[in-house]
Each structure stands twice: as structure tokens, then as C-alpha cells.
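Heads up: take any position in the sequence shown, counting from 1, add 1, and you land on our numbering. No residue lacks a Cβ here, since even glycine has one placed at the ideal position from N, Cα and C. So the structure is just underneath, and the comments pick up after that.
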Amino acid sequence: MTKYVWFLLAVIAVAVLAPAALAQGGAAPAESATNWVAIAAGFSMAIASAGGAIGQGMCAGRACEGLARNPGAEAAIRFALILGLVFIESMALYTFAIIFVKVK
């Protein structure tokens, strides 16, 4: 057990001391021509869209199963389906809004 404690303390010491030891001073680095924010924004929108599509598909499938089992609960199932789809779609819309603000 003491080996793990010493190992943890060594890792913490390295994590605390490394930024000061490896910090560089002097001239600013050259500006890169690649706009990494736009590239990361494209990936994040793709991930948000894929997650939303998977979630909406699962939500619609479960609603169809629920309607097939209990047609009398159609109004409650429809309300829950629409509310769930709104929440799922809002994730992609919030991602799009954040990307629109961040990418210049």
C-alpha cells in the first residue's frame, strides 16, 4: 500500500512542478495558418448531429413500440415523444449556436 502512496505523491509532485520547469519565456511562437477552432467546430457539430440522430431514432422507435402495445395511451406517448425530440434536438442547436459564436 505504501508503494502506491509514494507513487501517487510522485505523480502529484511532477504535475505540480512540471509547468514551472517546462515553461518557456521569450518571443511569442509564430502564428499558425490553420484555423483549428473551425476544424474543431466541424467535428463537434458532426458529433452533436450524430448523437442527436441516434437519440431521435431510438426515441421514435420506443414510441412506436409503446403505441403498438397500448394504443389507448396515444396522447401521452405523443406528448412524451415530442418533448423528448425537442430536448434531443436542442443539443444540436446549442452546439450550432456555440460554434457560430466562437468561429470568427
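Cα separation between residue i and residue j?
| i | j | result |
| --- | --- | --- |
| I13 | F80 | 51 Å |
| N71 | C65 | 10 Å |
| F8 | A76 | 59 Å |
| Y5 | G85 | 46 Å |
By Cβ distance, which residues of its chain are closer than 7 Å to residue i, with the 5 residues on each side in sequence left out?
| i | result |
| --- | --- |
| S45 | T96 and I100 |
Which class does residue i belong to by DSSP, given the choice of helix, strand or coil?
| i | result |
| --- | --- |
| K4 | helix |
| V104 | coil |
| T35 | coil |
With distance defined between alpha-carbon atoms, name the residue in the options nearest to residue i.
| i | options | result |
| --- | --- | --- |
| V102 | K4, A61, A77 and A42 | A42 |
| I83 | I48, G73, W7 and G62 | G62 |
| A49 | K4, A98 and A93 | A93 |
The region 78-92 touching the region 42-61, judged by at least three CB pairs closer than 8 Å: Result yes; three or more Cβ-Cβ pairs closer than 8 Å.
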